[in-house]
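In the UniProt record's numbering, the protein residues as written are 1 to 316.
Accompanying notes for the structure given below.
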Amino acid sequence: MIVCPFLFLQILGGLCLLRFLYTQWRIISVYFFPKEFDFKGLAGDGYALITGGAEGIGKQCALYFAKKGINLILVDFNEKKLKETTKEINENFSVSVIAKVMDLTSLADPAVYDAFEKEMLKQNIAILFNNAGIAEEKRAFWNYANSTSAGISRLISINSEVVALMTKLVLPGMLERKKGVIMHMGSAAGLSSFDTNPIYAGSKAFVILFARSIRDLYPTSKTGIVHHVFYPAFIRTSLTTFITSGLKKKGHENTLESLKNVIFPTVESWFESAIKTVGNGFDNGSGGSVFFEFFANYLVSFLDTTTLQKLSDLSE
């Protein structure tokens with residue numbers, strides 16, 4: 001009579017162990033035995049639309065797609081850098097590049113959105129990368145009370161509202177063709193509280209939950225649309241120059257270099273790893289990246305916000 005409960009617990013424990021081992025295998029397989037997603041096979045002669053495509057991660061993604069022969073639509077507010085990126089791609093790859101200079105916050109105006117939608121849908125958009133994002137003005141870091149209403153509105157518009165609008169724009173065509181890829185730039189800051197920049201964390205939490213909801217509403221098994229969210233922590237982009245500048249001025253170039261591939265990777269090294277997770281799970285390898293990003297986030301947090309703020313002050 002006493003054996004049954006113990007047998008049940010043994011079976012339950014065995015199932016939990018199998019689930020744990022399966023999760024670990026997913027983590028290992030994504031990063032050490034990646035199966036590269038066939039973006040070109042899916043896109044064909046279609047286009048990849050990248051917001052914030054003139055620099056940083058957006059540019060790296062554009063170069064990656066161009067190398068695979070995928071046509072591009074790059075949207076960015078920085079005309080100079082957009083021209084430079086477009087020129088670089090045209091000189092090195094045989095793909096069509098449509099460059100659109102635009103402040104994405106203007107899409108909140110229905111008339112602007114309708115005109116933009118009409119222009120974009122002249123092309124077959126097979127891939128969307130919601131990459132554009134900003135952090136709040138520096139003076140609001142670590143002191144939300146110093147935020148401006150304009151800064152808050154702009155951040156929410158670009159980081160959250162634009163993501164929803166761009167996704168809405170491409171979905172009908174993808175559903176009709178029964179294939180497509182929608183990728184979002186989330187953040188480790190959106191996975192837990194982040195006192196350095198609360199409004200940024202909130203905007204990225206929206207991206208993650210919105211993407212999950214869209215995935216559940218339009219599952220790949222029924223629609224052919226692949227959904228993916230990236231969860232980077234600190235990457236050496238224009239958003240984190242205050243930290244890298246502080247480390248350099250404090251004479252910690254060696255520290256910065258040692259962090260390169262651990263918690264502070266370059267855009268190139270991060271993207272090379274992250275793009276391999278697309279098609280292998282919804283969010284950076286079904287848990288693998290989440291583990292690494294949480295590790296990175298909490299390791300940085302261990303330094304406490306005072307240390308990071310001092311590095312920010314040194315960058316001035």
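Note that beta-carbon positions come from the ideal geometry of N, C-alpha and C, so glycine has one too.
Quick one: what's got a C-beta closer than 7 Å to Glu161's C-beta in the same chain, skipping five residues either side?
The residue labelled residue 161 in the question sits at position 161 within the sequence shown. If we look at Glu161 and ignore the five residues flanking it on each side, its Cβ neighbours are Ala108.
The alpha helix (DSSP H) with Met120 in it runs from where to where?
On the sequence shown, residue 120 is found 120 positions in, with the first residue counted as 1. That run of the alpha helix (DSSP H) goes Pro110 to Met120.
CB of Ala211 within 8 Å of CB of Gly190, strictly
Within the sequence shown, numbered from 1, the residue matching residue 211 stands at position 211. Within the sequence shown, numbered from 1, the residue matching residue 190 stands at position 190. No; because the gap between Cβ atoms is not below 8 Å, this pair is not in contact.
Between Pro232 and Asp76, what straight-line distance do the alpha-carbon atoms span, to the nearest angstrom?
For the purposes of this step, residue 232 is taken as the residue at position 232 of the sequence shown. For the purposes of this step, residue 76 is taken as the residue at position 76 of the sequence shown. Near 21 Å, if we compare the C-alpha coordinates of Asp76 and Pro232.
Using the rule of at least 16 other Cβ atoms within 10 Å of the residue's Cβ for burial, across every protein chain shown, is Leu63 buried or exposed?
Working through the sequence shown from its first residue, we reach residue 63 at position 63. It counts as buried.
Segment limits, alpha helix (DSSP H) that includes Ile214:
Working through the sequence shown from its first residue, we reach residue 214 at position 214. Pro198 to Leu217 is the extent of the alpha helix (DSSP H) around Ile214.
On the criterion of 16 or more Cβ atoms from any shown chain inside 10 Å, does Gln10 qualify as buried, or is it exposed?
In the sequence shown, the residue the question calls residue 10 occupies position 10. Gln10 comes out exposed.
Can you list, in chain order, the residues of its chain with a C-beta nearer than 6 Å to that of Ser96? Leave out the 5 residues immediately preceding and following it.
Within the sequence shown, numbered from 1, the residue matching residue 96 stands at position 96. The residues are Asn71.
Whole-angstrom distance between Gly69 and Gly46, CA atom to CA atom:
Looking up residue 46 in the sequence shown gives position 46. Looking up residue 69 in the sequence shown gives position 69. Going by the C-alpha atoms only, they are around 10 Å apart.
Residue from Lys80, Asp114, Thr105 and Lys67 whose Cα sits closest to the Cα of Asn92
For this step, residue 92 is matched to residue 92 along the sequence shown. Ranking the options by Cα distance to Asn92, first place goes to Lys67.
Which same chain residues end up closer than 6 Å to Thr306 when comparing Cβ atoms and leaving out the 5 residues on each side of it in sequence?
Residue 306 sits at position 306 when you count from the first residue of the sequence shown. Only weak support is given to the placement of Thr306: the predicted model assigns it a pLDDT of 49, under 50, and the value that follows is read from those uncertain coordinates. Taking Thr306 as the centre and dropping the five residues before and after it, the same chain places no C-beta closer than 6 Å to its C-beta.
Output the distance between the C-alpha atoms of Gly58 and Asp195, rounded to the nearest integer angstrom.
Residue 58 sits at position 58 when you count from the first residue of the sequence shown. Residue 195 sits at position 195 when you count from the first residue of the sequence shown. Taking the straight line joining both Cα atoms gives about 26 Å.
I believe Ile127 touches Gly180 by the beta-carbon criterion, under 8 Å. Please report the beta-carbon distance rounded to the nearest angstrom.
Stepping through the sequence shown from its first residue, residue 127 is reached at position 127. Stepping through the sequence shown from its first residue, residue 180 is reached at position 180. The pair is a contact, with the Cβ atoms about 7 Å apart (cut-off 8 Å).
Cβ neighbour criterion (16 or more within 10 Å) applied to Thr16:
Position 16 of the sequence shown, counted from the start, is the residue given in the question as residue 16. One detail in the question is off: residue 16 reads as Cys in this sequence, not Thr. Exposed, by the Cβ-count rule.
What number of angstroms, rounded off, separates the C-alpha of Gly202 from the C-alpha of Phe8?
Sequence index remark: in the sequence shown, residue 202 carries index 202 (1-based). Sequence index remark: in the sequence shown, residue 8 carries index 8 (1-based). Counting only the Cα atoms, Phe8 lies some 42 Å from Gly202.
Residues in the same chain with beta-carbon distance under 7 Å from residue 326, minus the five sequence neighbours each way, listed in chain order, please.
In the structure as shown, the chain starts at 1 and stops at 316, and residue 326 therefore has no counterpart that could be examined.
Sequence-distant residues of its chain with Cβ nearer than 6 Å to Thr85 (five each side left out):
Along the sequence shown, one-based indexing puts residue 85 at 85. Correct list, in chain order: Ala54 and Lys59.
Given Leu49 as reference, the closest of Asp114, Lys80 and Leu121 once Cα atoms are compared:
Looking up residue 49 in the sequence shown gives position 49. Closest by alpha carbon: Leu121.
Tell me, please, which residues DSSP counts as bridged to Ile98.
For this step, residue 98 is matched to residue 98 along the sequence shown. In DSSP, Ile98 forms a bridge with Ile73.
8 Å Cβ cutoff met for Phe129 and Gly186
Within the sequence shown, residue 129 is the residue found at index 129, counting from 1. Within the sequence shown, residue 186 is the residue found at index 186, counting from 1. Cβ distance not < 8 Å, so Phe129 and Gly186 don't count as in contact.
What is the DSSP secondary structure of Asn280, reduced to helix, strand or coil?
Start at 1 with the first residue of the sequence shown, and residue 280 comes out as number 280. It is coil, neither helix nor strand.
Thinking just about the alpha-carbon of each residue, which of Asn131, Leu169, Ser149 and Tyr200 is nearest to the one in His228?
Counting from one through the sequence shown, the residue named residue 228 turns up at place 228. Each of Asn131, Leu169, Ser149 and Tyr200 was checked against the Cα of His228, and the nearest Cα belongs to Asn131.
Quick one: what's got a C-beta closer than 8 Å to Gly173's C-beta in the same chain, skipping five residues either side?
Locating residue 173 in the sequence shown gives position 173, where the first residue counts as 1. The beta carbon of Gly173 sits closer than 8 Å to the beta carbons of Leu121, Asn124, Ile125 and Gly180 from its chain, once the five residues preceding and following it are set aside; these are given in chain order.
Tell me which residues share the same chain as Glu36 and place their Cβ nearer than 7 Å to its Cβ, disregarding the 5 neighbours each side in the sequence.
Here residue 36 refers to the residue found at position 36 of the sequence shown. Within the same chain, Glu36 has close Cβ partners Lys276.
N- and C-terminal bounds of the beta strand (DSSP E) containing Ile182:
Here the question's residue 182 lines up with position 182 in the sequence shown. Element bounds for Ile182: Gly180 to Met185.
Three-state secondary structure (DSSP) at Ala189?
Working through the sequence shown from its first residue, we reach residue 189 at position 189. If DSSP states are grouped into helix, strand and coil, Ala189 belongs with the helices.
Kindly indicate which three-state DSSP category residue 359 falls into: helix, strand or coil?
Lying before the first or after the last residue shown, residue 359 is absent from the chain, which here runs from 1 to 316.
What does a CB cutoff of less than 7 Å around Ser157 pick up in its chain, not counting 5 residues either side in sequence?
As a working mapping, residue 157 is identified with position 157 in the sequence shown. So the qualifying residues of the chain are Thr105 and Ala108.
Is Asn92 helix, strand or coil when you go by DSSP?
Counting from 1 along the sequence shown, the entry for residue 92 is found at position 92. Residue state, collapsed to three classes: helix.
Taking just the CA atoms, how far does Phe6 sit from residue 324?
Here the chain comprises residues numbered 1 to 316, so residue 324 is not present and cannot be evaluated.
Could you give the DSSP three-state label for Phe129: helix, strand or coil?
Here residue 129 refers to the residue found at position 129 of the sequence shown. Looking at Phe129 - three-state DSSP - the assignment turns out to be strand.
Would Ile73 and Lys40 qualify as a contact pair, given that the criterion is a beta-carbon distance under 8 Å?
If you number the sequence shown from 1, residue 73 lands on position 73. If you number the sequence shown from 1, residue 40 lands on position 40. The Cβ atoms of Ile73 and Lys40 lie no closer than 8 Å to each other.
Environment of Gly13 [buried if 16+ CB atoms lie within 10 Å]:
Position 13 of the sequence shown, counted from the first residue, corresponds to residue 13. Classification of Gly13: exposed, given that the 10 Å Cβ count is below 16.
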